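Chemist:
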Amino acid sequence: MSNPAPPPTAETSLREYPYVVIRFRCTVCERAADVRLAVLAARFGPNATLGRLVSMFVGGCWWSPHNPARKPQKYGMKCGGHCPDLFRPGPPDLPPSMTGLTLIEGGKGDMLPAEPKPVERRRRVGDADV
Ligand SMILES: [Zn+2]
871 MSNPAPPPTA
881 ETSLREYPYV
891 VIRFRCTVCE
901 RAADVRLAVL
911 AARFGPNATL
921 GRLVSMFVGG
931 CWWSPHNPAR
941 KPQKYGMKCG
951 GHCPDLFRPG
961 PPDLPPSMTG
971 LTLIEGGKGD
981 MLPAEPKPVE
991 RRRRVGDADV
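The opening position of the sequence shown corresponds to residue 871 in our numbering, with each subsequent residue numbered one higher.
1) According to DSSP, is S925 helix, strand or coil?
2) If you draw a straight line from the alpha carbon of V989 to that of P877, how long is it in whole angstroms?
3) Let me know if T919 comes out buried or exposed under the rule of 16 or more other beta-carbons within 10 Å of its beta-carbon.
4) Return the chain-ordered list of same chain residues with a C-beta closer than 8 Å to the C-beta of R906, the five sequence neighbours on each side being excluded.
5) Do G921 and ligand 1 come close, with the Cβ less than 6 Å from some heavy atom?
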């Protein structure tokens, strides 16, 4: 399956974000969150951009440049909060129905053409639904 959409950027809104899960990572404080797109859209609205969400993620970090408890340091450590899926052409984790065609047992007669494949629900250990 081809992916003609351009990779998401900081300007991409939740409405346009092509994947199910948005991942947030910090290289400094090692905070991490995998949040479902639907959860973020319900909370912040479909027009919230990835850049805004990343800056909110950074805002929760001790190393955030906006943390009032820290004195601003021009060359000090800064939060490395980011979204690893921005500017990447490929999806972070394809759902099973999108991984392309695979050979399966049985024939066409066994298939129900109007029925979508059952979605396999997977949860990671420590997965936080914010
Ligand atoms: Zn951080």
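A virtual CB, placed ideally from N, CA and C, is assigned to each residue, including glycine. Quick caveat, the model's predicted, so the values are computed rather than measured.
Modeler: In terms of the structure at hand:
1) S925 falls in the helix class under three-state DSSP.
2) If you take the alpha carbons of V989 and P877, they lie about 24 Å apart.
3) T919 should be labelled buried.
4) These residues qualify, in order along the chain: V890, V891, I892 and D999.
5) Flag unset: Cβ of G921 not near ligand 1.
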